[in-house]
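S.K.: Before I ask anything, here is the structure I am working with.
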């Protein structure tokens, strides 16, 4: 039972890994957004997803959040079998998408308070989270509809900071953030993994995301096609084609 | 579930208080409908008094469609729907919360429309208790159906035009039973007992409230 009193029926799969995808297929309409993706992410690990537009990075994040149904293969996130129940995992997952899901007519503080309360988080965590993201004073009392894109991003990050999810799914998290906020995001990611959370981060900006990463995973055509150990310079990094990779096909990453 | 419902209802009502869509747009629209019907039926009072009960419920239904659209629009867009799904809230709690917020807004509308019916149409109230009973049951049913169909339509393109098309036929029993109960309360119409009509409103509300609690989760996933 979690702190809200719900029994995680479909989350009883014994799984030491935060994310386990094996030959996962997910459809967006008729289009295979994930076409046999294989990925394993451990707790306390930061994995950066990279690849061209349409490679399946966002779809993979949405599948891990239970927002996109995995129709074939295996998909277990935080011990929850997403093939059986894809909603139970969401209470433990925090997602920062392309656009921030904020209520324009509520103030910054009200938005964060509602999101934290909804997730069963502690109300006392709201103040420090807002303060950390620089959302204090007049900004905290401003309607979300009046914020700039970067400020909205900060509010969404404040929700994550206050909720402290076990799995962070960040889709282009650096977009729209200024240098200070980017640095803060880096700190938050490091703190989250130090606390045992796993972070899956989709990004085109490898120069800012790779320093945070333990691994960089390359996606193409809805599949994971290569992975590299993070920390190598871009020039030196030679993507390691994964064993079992077929031409244009997927591969198992473990 | 109830804690989540309270949180969602509080959030929706706070948004309404800030945006004032009900006050600035829906209420004037509802009053305008009453006034236009008065122009169409006037100037003699007889037809207006006879039609008062039906026109109250017709005006309420039209205004309710706007209220439902607004309630659904708050969570619209992919980010909004994803945000609601990712929120961790119990879907049944979301449904009940949105229904409660809609109920509060509809009650405010009903108070205004009741005054309008008395002032514009010269209707005399014989049984205020019956009117209130019909309104309470009818409002719960309308709000429950509105929350369900608002969410259903919000995931579709052309949801603005589709919602009335989907919603109005479903709430026809509310229009019929509400009108008959109000006719009895105003002493107009064909006569006969009002109890069956109030019972129909109660059953309608109970069915859709129960249905919403059960199917709102799958509906939210599919929308």
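Protein chains in written order, with our numbering: chain A, 15 to 268; chain B, 138 to 360.
Each residue gets a CB set at the ideal place from its N, CA and C atoms; glycine is no exception.
Please classify residue 193 of chain B as buried or exposed, where buried requires at least 16 other C-beta atoms within 10 Å of its C-beta.
M.R.: The residue you call residue 193 of chain B lines up with position 56 of the second chain. It is buried - the Cβ of residue 193 of chain B has at least 16 other Cβ atoms within 10 Å.
S.K.: Using a Cβ cut-off of 8 Å, which residues of the stretch 123-139 of chain A contact any Cβ in chain B, in chain order?
M.R.: Correct list: 124, 128, 129, 131, 132, 133, 134.
S.K.: Distance, Cα to Cα, residue 153 of chain B vs residue 55 of chain A?
M.R.: Position 16 of the second chain, counted from the first residue, corresponds to residue 153 of chain B. Position 41 of the first chain, counted from the first residue, corresponds to residue 55 of chain A. Spanning the two alpha carbons is a distance of roughly 43 Å.
S.K.: Going by beta carbon distance, what residues of the same chain come within less than 7 Å of residue 191 of chain B, once the five residues before and after it are set aside?
M.R.: Here residue 191 of chain B corresponds to residue number 54 of the second chain, with the count starting at 1. Excluding sequence neighbours, residue 191 of chain B sits near 316.
S.K.: Are the beta-carbon atoms of residue 189 of chain B and residue 267 of chain B separated by less than 8 Å?
M.R.: Within the second chain, residue 189 of chain B is the residue found at index 52, counting from 1. Within the second chain, residue 267 of chain B is the residue found at index 130, counting from 1. Not in contact: residue 189 of chain B and residue 267 of chain B (Cβ atoms no closer than 8 Å).
S.K.: Going along the chain, which residues of its own chain have a beta-carbon closer than 7 Å to the beta-carbon of residue 269 of chain A, five neighbours each way excluded?
M.R.: Residue 269 of chain A cannot be examined here, being either before or after the span of chain A that is shown, 15 to 268.
S.K.: What is the DSSP secondary structure of residue 247 of chain A, reduced to helix, strand or coil?
M.R.: The residue given as residue 247 of chain A occupies position 233 in the first chain. Low per-residue confidence applies at residue 247 of chain A: pLDDT is 44, beneath 50, and the placement is therefore not dependable enough to give any value.
S.K.: Could you work out which residue in A:82, A:115, A:118 is closest to residue 99 of chain A when comparing CA atoms only?
M.R.: The sequence position of residue 99 of chain A within the first chain is 85, counting from 1. It is A:82 whose Cα lies nearest to the Cα of residue 99 of chain A.
S.K.: What ranges does the beta strand (DSSP E) occupy inside the stretch 98-163 of chain A, keeping only unbroken runs of at least 3 residues that lie completely in it?
M.R.: Counting only runs of 3 or more, we get 107-110.
S.K.: Jot down the residue ranges of each uninterrupted alpha helix (DSSP H) in the stretch 154-209 of chain B, minimum 4 residues, whole runs only, in chain order.
M.R.: Correct list: 164-178.
S.K.: Given that a residue counts as buried once 16 or more other Cβ atoms are within 10 Å of its Cβ, and exposed if not, what is residue 257 of chain B?
M.R.: For the purposes of this step, residue 257 of chain B is taken as residue 120 along the second chain, with counting starting at 1. The residue in question, residue 257 of chain B, is buried, as its Cβ has 16 or more Cβ neighbours within 10 Å.
S.K.: Closer than 8 Å is the cut-off here; do at least three beta carbon pairs connect the stretch 229-236 of chain B with the stretch 276-288 of chain B?
M.R.: Yes: at least three Cβ pairs fall under 8 Å.
S.K.: Measure from the alpha carbon of residue 172 of chain A to the alpha carbon of each residue in A:226, A:109, A:227, A:67, then state which is nearest.
M.R.: Here residue 172 of chain A refers to the residue found at position 158 when the first chain is read from its first residue. Residue 172 of chain A has its Cα closest to that of A:109, out of A:226, A:109, A:227, A:67.
S.K.: Could you spell out the range, first to last residue, of the beta strand (DSSP E) harbouring residue 88 of chain A?
M.R.: Walking along the first chain from the start, residue 88 of chain A turns up at place 74. Note, residue 88 of chain A: beta strand (DSSP E), 84-91.
S.K.: Among B:335, B:178, B:292, B:348, which has the Cα closest to the Cα of residue 211 of chain B?
M.R.: Sequence index remark: in the second chain, residue 211 of chain B carries index 74 (1-based). Comparing Cα-Cα distances from residue 211 of chain B to each of B:335, B:178, B:292, B:348, the minimum goes to B:292.
S.K.: Is it a yes or a no for the stretch 224-242 of chain A touching the stretch 201-210 of chain B, going by three-plus beta-carbon pairs under 8 Å?
M.R.: No: the two stretches stay apart, fewer than three of their Cβ pairs being nearer than 8 Å.
S.K.: Count the other CB atoms within 10 Å of the CB of residue 224 of chain A; is the residue buried (16 or more) or exposed (fewer)?
M.R.: The residue you call residue 224 of chain A lines up with position 210 of the first chain. Per the 10 Å Cβ criterion, buried.
S.K.: Could you check whether residue 335 of chain B and residue 318 of chain B sit closer than 8 Å to each other, using their CB atoms as the reference points?
M.R.: Reading the second chain from its first residue, position 181 is the one you call residue 318 of chain B. Reading the second chain from its first residue, position 198 is the one you call residue 335 of chain B. In this structure, residue 335 of chain B lies closer than 8 Å to residue 318 of chain B by Cβ.
S.K.: Could you confirm whether any beta carbon from chain A is found closer than 8 Å to the beta carbon of residue 235 of chain B?
M.R.: Translated into the one-based positions of the second chain, residue 235 of chain B becomes position 98. Not one chain A Cβ lies under 8 Å of residue 235 of chain B.
S.K.: Does the structure place the stretch 110-126 of chain A close enough to the stretch 147-166 of chain A that three or more beta carbon pairs sit under 8 Å?
M.R.: As far as the Cβ criterion goes, the stretch 147-166 of chain A touches the stretch 110-126 of chain A, which means the pair count is three or higher.
S.K.: Specify, as a first and last residue, the run of the beta strand (DSSP E) that residue 301 of chain B falls within.
M.R.: Residue numbering aside, residue 301 of chain B sits at position 164 when the second chain is read from its first letter. Element bounds for residue 301 of chain B: not the beta strand (DSSP E) but the alpha helix (DSSP H), 296-307.
S.K.: Count the other C-beta atoms from every protein chain shown that fall within 10 angstroms of the C-beta of residue 139 of chain B, then say buried if there are 16 or more, exposed otherwise.
M.R.: As a position in the second chain, residue 139 of chain B is number 2, starting the count at 1. Exposed, by the Cβ-count rule.
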